[in-house]
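*Asks:* In this note's numbering, the protein residues as written are -18 to 227. Quick one: the structure is below, questions incoming.
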Ligand code: IPE
Ligand code: IPE
Ligand code: MG
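Structure follows, in structure tokens:
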């Protein structure tokens, strides 16, 4: 399996890495529960999988990787768990920012960051700033992100522009909406991976995933390794994307 990664161009079967991959990193709580540990230990362990996924995407030449780290619905979790989750981006970036920068990774964030604690915002702002000029993998952390919230905010901003007579309703195109999305230049996603056996979108990238391929695996996020990522990409390469055509 995956020999194509080490093969020369001539002998490797046709494999192309999807340009935009998005991952719903699910199953941390169940991973911990299985071991009799508190849920937060699953979140901590999941950071290793984040590190490995980023390295794999970067090695494969994926252009953008969006990681669902905290949804607008996740505020409903116990306070202790929420506050632990809020500390993770800072912890991850503290240990990994150097490596990300060395790999030419450009860090971005999608979501309503204003509601995040100051230390989380500061850690992200620093990473975004330090990697601003990088031209390699674009790594987007979806933090306090919700697809409905994103479309709601986009609608409000477009309505404001219409009200200010900067735009007429007829001039609103798909590109207008896409220019207001929280994912910036990433207007579509090629492959959505979800771990832990759940098969739903959970309010992730509602617009961007309109024509995404979906890959579901029972592997829990803290167990998700490079080989699992490669398997998802192999599977993606077997799909025929038709985009409504024949
Ligand atoms: C995913 O794991 C992490 C976040 C949603 C932040 P979960 O915490 O949802 O783990 P399960 O689904 O309860 O196992
Ligand atoms: C989706 O997982 C959100 C993230 C991975 C950040 P959830 O565990 O919150 O989703 P549901 O509640 O099972 O749909
Ligand atoms: Mg979950």
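Backbone N, C-alpha and C define an ideal beta-carbon position, used for all residues, glycine too.
Using a Cβ-Cβ cutoff of less than 6 Å, which residues in the same chain neighbour residue 168 once the five nearest sequence positions on both sides are dropped?
*Replies:* Excluding residues within five positions, the ones whose Cβ falls inside 6 Å are 159.
*Asks:* Can you tell me where the beta strand (DSSP E) with residue 167 in it begins and where it stops?
*Replies:* Residue 167 -> no beta strand (DSSP E), and no H or E assigned at all.
*Asks:* Residue range of the beta strand (DSSP E) that residue 93 falls in?
*Replies:* Counting along the chain, residue 93 falls outside any beta strand (DSSP E), and DSSP gives it neither H nor E.
*Asks:* For residue 175, count neighbouring Cβ atoms within 10 angstroms of its own Cβ and tell me buried if that reaches 16, exposed if not.
*Replies:* Residue 175 should be labelled buried.
*Asks:* For residue 81, name the three-state secondary structure that DSSP assigns.
*Replies:* Note: residue 81 maps to helix in three-state DSSP.
*Asks:* For residue 177, count the other beta carbons within 10 Å of its own beta carbon; 16 or more makes it buried, fewer makes it exposed. Which is it?
*Replies:* That one is buried.
*Asks:* Quick one: grab the DSSP three-state call for residue 175.
*Replies:* It is a strand residue.
*Asks:* Start and end of the beta strand (DSSP E) containing residue 3?
*Replies:* Start and end: 1 to 5.
*Asks:* Between residue 199 and ligand 3, is the CB less than 6 Å from at least one heavy atom?
*Replies:* Result no, Cβ not under 6 Å from ligand 3.
*Asks:* May I have the straight-line CA-CA distance separating residue 210 from residue 43, to the nearest angstrom?
*Replies:* Approximately 12 Å, taken between the alpha carbons.
*Asks:* Is residue 204 near ligand 3, with its Cβ less than 6 Å from a heavy atom?
*Replies:* No, the beta carbon of residue 204 sits no closer than 6 Å to any heavy atom of ligand 3.
*Asks:* Taking the CB atoms as reference points, tell me whether residue 38 and residue 124 lie closer together than 7 Å.
*Replies:* No, the pair does not count as a contact, with Cβ atoms beyond the cut-off.
*Asks:* Along the beta strand (DSSP E) that carries residue 135, what are the first and last residues, could you check?
*Replies:* Element bounds for residue 135: not the beta strand (DSSP E) but the alpha helix (DSSP H), 128 to 144.
*Asks:* Under 8 Å: do the segment 68 to 77 and the segment 143 to 162 share three or more Cβ pairs, one atom per stretch?
*Replies:* No, they do not touch.
*Asks:* If you reduce the DSSP assignment to three classes, tell me which class residue 125 lands in.
*Replies:* It is a strand residue.
*Asks:* Am I right that residue 131 and residue 109 are in contact with their C-beta atoms under 8 Å? What's the rounded C-beta distance?
*Replies:* With 8 Å as the limit, residue 131 and residue 109 do not qualify as a contact, their Cβ atoms being about 18 Å apart.
*Asks:* Taking 6 Å as the cut-off, is the beta-carbon of residue 17 closer than that to any non-hydrogen atom of ligand 1?
*Replies:* No - ligand 1 has no heavy atom lying nearer than 6 Å to the Cβ of residue 17.
*Asks:* Alpha carbon to alpha carbon, what distance is there between residue 5 and residue 220?
*Replies:* Each residue's Cα considered, the two are about 20 Å apart.
*Asks:* Sort 122, 65, 24, 15 by Cα distance to residue 45 and report the nearest one.
*Replies:* When each option's Cα is compared against that of residue 45, the closest is 122.
*Asks:* Using C-beta distances below 6 Å, list every residue in its chain close to residue 179, excluding the 5 sequence neighbours before and after it, in chain order.
*Replies:* Cβ neighbours of residue 179 beyond the five flanking positions: 7.
*Asks:* Do the CB positions of residue 173 and residue 191 come within less than 7 Å of each other?
*Replies:* Going by C-beta atoms, residue 173 is not nearer than 7 Å to residue 191.
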